[in-house]
Amino acid sequence: MPHPQVLIVGAGPTGLVLAAQLNRLGVDFRIIDKHAAPLELTKSAALHARTLEHFRDLGVVDQILAEGQRVDVLTLRTSHRDRLSVDFRVLADTAYPYILDIPQYRTEHILIDHLAQCGVPLHRNTTLVDLAEAATGVTATVTTPDGGTETITAQWVVGCDGAHSTVRELRGIGFDSATYSDPWVLCDAEIDWPLPRNEMTFSSDSVGIYGVFPLPGRRRYRLAYTQSIDATGQPVQPTLDDAQAALSRTGVPGTIESADQFWTFDLARGQATAYREGRVFLVGDAGHVHTPFGGQGLNLGVADAINLGWKLAAVVAGRAPATLLDSYQAERHRVGRQVVTFTHLGAEAMLLRGDPRRHLRDAVLAGLQASAPARRLLAHRLSQLGHSYRRTAGVTGRRGGLRGGDRLPDPMLFDGISNQPQRLHDQLATDRYTLLMAAAEPGAAMAREIGSLADAVARRWAGAVDLRLLTPAWQLAQFTSPRVPVLLDRGRTARGLYDSGAAAFVIRPDRHLGYAGPLDRARVEQHVSAVLIENTLSARW
Numbered sequence: 035m036p037h038p039q040v041l042i043v044g045a046g047p048t049g050l051v052l053a054a055q056l057n058r059l060g061v062d063f064r065i066i067d068k069h070a071a072p073l074e075l076t077k078s079a080a081l082h083a084r085t086l087e088h089f090r091d092l093g094v095v096d097q098i099l100a101e102g103q104r105v106d107v108l109t110l111r112t113s114h115r116d117r118l119s120v121d122f123r124v125l126a127d128t129a130y131p132y133i134l135d136i137p138q139y140r141t142e143h144i145l146i147d148h149l150a151q152c153g154v155p156l157h158r159n160t161t162l163v164d165l166a167e168a169a170t171g172v173t174a175t176v177t178t179p180d181g182g183t184e185t186i187t188a189q190w191v192v193g194c195d196g197a198h199s200t201v202r203e204l205r206g207i208g209f210d211s212a213t214y215s216d217p218w219v220l221c222d223a224e225i226d227w228p229l230p231r232n233e234m235t236f237s238s239d240s241v242g243i244y245g246v247f248p249l250p251g252r253r254r255y256r257l258a259y260t261q262s263i264d265a266t267g268q269p270v271q272p273t274l275d276d277a278q279a280a281l282s283r284t285g286v287p288g289t290i291e292s293a294d295q296f297w298t299f300d301l302a303r304g305q306a307t308a309y310r311e312g313r314v315f316l317v318g319d320a321g322h323v324h325t326p327f328g329g330q331g332l333n334l335g336v337a338d339a340i341n342l343g344w345k346l347a348a349v350v351a352g353r354a355p356a357t358l359l360d361s362y363q364a365e366r367h368r369v370g371r372q373v374v375t376f377t378h379l380g381a382e383a384m385l386l387r388g389d390p391r392r393h394l395r396d397a398v399l400a401g402l403q404a405s406a407p408a409r410r411l412l413a414h415r416l417s418q419l420g421h422s423y424r425r426t427a428g429v430t431g432r433r434g435g436l437r438g439g440d441r442l443p444d445p446m447l448f449d450g451i452s453n454q455p456q457r458l459h460d461q462l463a464t465d466r467y468t469l470l471m472a473a474a475e476p477g478a479a480m481a482r483e484i485g486s487l488a489d490a491v492a493r494r495w496a497g498a499v500d501l502r503l504l505t506p507a508w509q510l511a512q513f514t515s516p517r518v519p520v521l522l523d524r525g526r527t528a529r530g531l532y533d534s535g536a537a538a539f540v541i542r543p544d545r546h547l548g549y550a551g552p553l554d555r556a557r558v559e560q561h562v563s564a565v566l567i568e569n570t571l572s573a574r575w
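Everything in the sequence shown is counted per our numbering, starting at 35 for the first residue and increasing by one.
What follows is the structure, encoded as structure tokens:
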């Protein structure tokens, strides 16, 4: 396609996720990558709950779950003592209350196979060399596998091309960054390790850090540690013996039986000054880099791609105004900044070594361990379920503990009829908005109020907004119009959505709330009219 609607530069995990998202939403795109094949490097491994939710929507989560290693607990150890254990099983509002460890290259291959099954080609050995933007599109010049050049004109260009992004450089977008003094070592190994396979550990002592993360396969683990330094202050070339010696930083008696290739790398933290420049966007590592503390990196990039993908699809299809794309910068840049800061503070705290402040750190960790609410909050944050777009343009309102911009919880519903429990997210559209009306009060009056709101939205935004009613009252379901599918919550697991009174939630395709508030027709219509173009039944998603 010489004139795709979207050109994706980079076929790593973020580019592949964006491609899968655009493909299922009917957008014409082209994805290019300068490499001949996926790089099977030892890189990211941890997939958090929010990412697994995104993969469910893309249709690839079952294979990822089948291959991955479930991890329930993340333990931080200092001076050979457990200080804080974060148990992800406390996450009750998601289908994935755990971390899933799977090598990044396997995640990429699963996404590549998914795209191939959908008939999507990857254009490899294709390198971006120039970008020129006009009012109606962007012209990209690329070198082709045969050594020639090609011109591609797209409406939008997305840079998913990593920390050394060519897209970012060509657009002149600044990147504020700083490096760390400690070099790191990474490898995959087979270890005789006494800790349970559902636990990962991140340990530090007076010498440095050592992380041990379970991988799929018997006794397979990912090792990540600060490189050893010899008596002259020079880094020690990593070997099996060096890795074994460094394992003493954990205080856990383990034996490394074999190790794959060792990789050394330097850490940095930083963020692009902007994620958008005209018709060009940055996604994933092209926009942010940070320490591996908490396994946030790949997950952050996936969420970038999901956020931008549905918005590009809505604008390209004519369902939403182009101003919707402004929210990508507002929402994701702030979240990226929070993650860069959080991972920096975590890594710095674990690297205090002989600093007297290490005693304060240990006291803080002990305090967190003693507080169940604090540990639950940490699990929510690390899982990225807690990422919110509150107080940005385009989201509004509040109801109960939820505000516009928050992720919609995903409780398990029990209708008392089918005896088939089902997740709330599974009952909502992933390719358009959903108006979820929630009420516990039975009766004809409430049904009329719901019907009035549903009729108004269906009339003005036919085909762009799905309708749902969530209620524990079977009587209310009897009075409701057949045009509004009813989700019975006889187990009241979703009571937080209606216990504060009848409510309306306008849910975006990425499961975040655009509007949260009362069943107020004027307020709901005002919000939807700001993000969607009316009468778009004929428009294609």
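Ideal placement from N, C-alpha and C gives every residue a C-beta, glycine not left out.
Below 8 Å on the Cβ atoms is my guess for residue i versus residue j; work out the distance and round it to an integer in Å.
i      : j      : result
Arg303 : Thr289 : Between Thr289 and Arg303 the Cβ distance is about 34 Å, and since that is not below 8 Å, they are no contact.
Met471 : Ile484 : 5 Å
Leu257 : Ala223 : 5 Å
Thr187 : Asp67  : Not a contact, Cβ separation roughly 19 Å.
Pro248 : Ile136 : Between Ile136 and Pro248 the Cβ distance is about 11 Å, and since that is not below 8 Å, they are no contact.
Taking the beta strand (DSSP E) that residue i falls in, what are its first and last residues?
i      : result
Leu469 : 467-472
Asp275 : That residue, Asp275, is in no beta strand (DSSP E); its alpha helix (DSSP H) goes 274-280.
Gly305 : For the sequence presented, residue 305 should be read as Gln rather than Gly. Unbroken beta strand (DSSP E) run through Gln305: 297-306.
Gly193 : 190-193
Leu86  : Careful: Leu86 lies outside any beta strand (DSSP E), inside the alpha helix (DSSP H) at 83-92.
Ser238 : 233-238
Which residues in the same chain have their Cβ closer than 8 Å to the Cβ of residue i, if we skip the five residues on either side of it in sequence?
i      : result
Pro269 : Pro217, Gln261, Ser262, Ile263, Thr298
Arg424 : Arg437, Gly438, Gly439, Asp440
Ala463 : Asp500, Pro543
Pro36  : Glu184, Thr185, Ile186, Thr187
Trp575 : Note on Trp575: pLDDT 40, under 50, position unreliable in the model; no value is reported.
Ala512 : Here residue 512 turns out to be Gln, not Ala, going by the sequence shown. There are no such residues.
Mapping DSSP to helix, strand and coil, what is residue i?
i      : result
Leu249 : coil
Ala573 : Bear in mind that a pLDDT of 46 at Ala573, under 50, signals an unreliable position, so the number given afterwards is only what the model happens to contain. In the structure shown, Ala573 sits in coil (DSSP, three-state: anything other than H, G, I, E or B).
Trp344 : helix
Gly485 : helix
Asp216 : strand
Val558 : helix
Thr185 : strand
Gly288 : coil
Trp227 : coil
Phe327 : coil
Arg457 : strand
Asp207 : According to the sequence displayed, residue 207 carries Ile and not Asp. Residue state, collapsed to three classes: coil.
Less than 9 Å separating the beta-carbons of residue i and residue j?
i      : j      : result
Ile65  : Gly44  : yes
Leu531 : Leu504 : yes
Leu402 : Leu412 : yes
Tyr255 : Ile225 : yes
Gln39  : Leu346 : yes
His561 : Thr430 : yes
Gly318 : Gly206 : no
Asn84  : Ser417 : A small correction: the amino acid at residue 84 is Arg; Asn does not occupy that position in the sequence shown. Contact: yes.
Gln509 : Gly477 : yes
Gly370 : Pro47  : no
Ala537 : Gly525 : no
Leu99  : Ile133 : no
Leu145 : Leu332 : no
Leu458 : Leu553 : no
Cys194 : Gly49  : yes
Asp444 : Asp180 : no
Excluding five sequence neighbours on each side, which residues of the same chain lie with their C-beta closer than 7 Å to the C-beta of residue i?
i      : result
Arg410 : Val124
Tyr309 : Phe315, Leu316, Gly321, Tyr362, Gln363, Arg366, His367
Glu568 : Arg494, Trp495
Thr175 : Val163, Asp164, Thr183, Thr185
Pro287 : Pro228
Gly328 : Thr377, Gly380, Leu416
Ser240 : Arg387, Gly388
In the DSSP assignment, find the alpha helix (DSSP H) that holds residue i and state where it starts and stops.
i      : result
Trp495 : Neither: Trp495 is in no alpha helix (DSSP H) and is coded neither H nor E.
Pro47  : 47-58
Leu566 : Neither: Leu566 is in no alpha helix (DSSP H) and is coded neither H nor E.
Phe513 : 508-513
Tyr139 : 138-151
Ile451 : Ile451 -> no alpha helix (DSSP H), and no H or E assigned at all.
Please work out which residues of its chain come closer than 6 Å, Cβ to Cβ, to residue i, disregarding the five sequence neighbours upstream and downstream, and give them in chain order.
i      : result
Gly434 : Gly530, Ser534
Val323 : Ala197, Ala302, Gly304
Ala573 : Annotation note: pLDDT 46 at Ala573 (below 50); position unreliable, coordinate value reported separately. Correct list, in chain order: Ala351, Gly352, Arg353.
Tyr214 : Leu301
Gln189 : Gln39, Gly171
His157 : Ile66
Can you find a CB in chain C that lies within less than 9 Å of the CB of residue i?
i      : result
Leu386 : The structure shown contains no chain C, having only a single protein chain.
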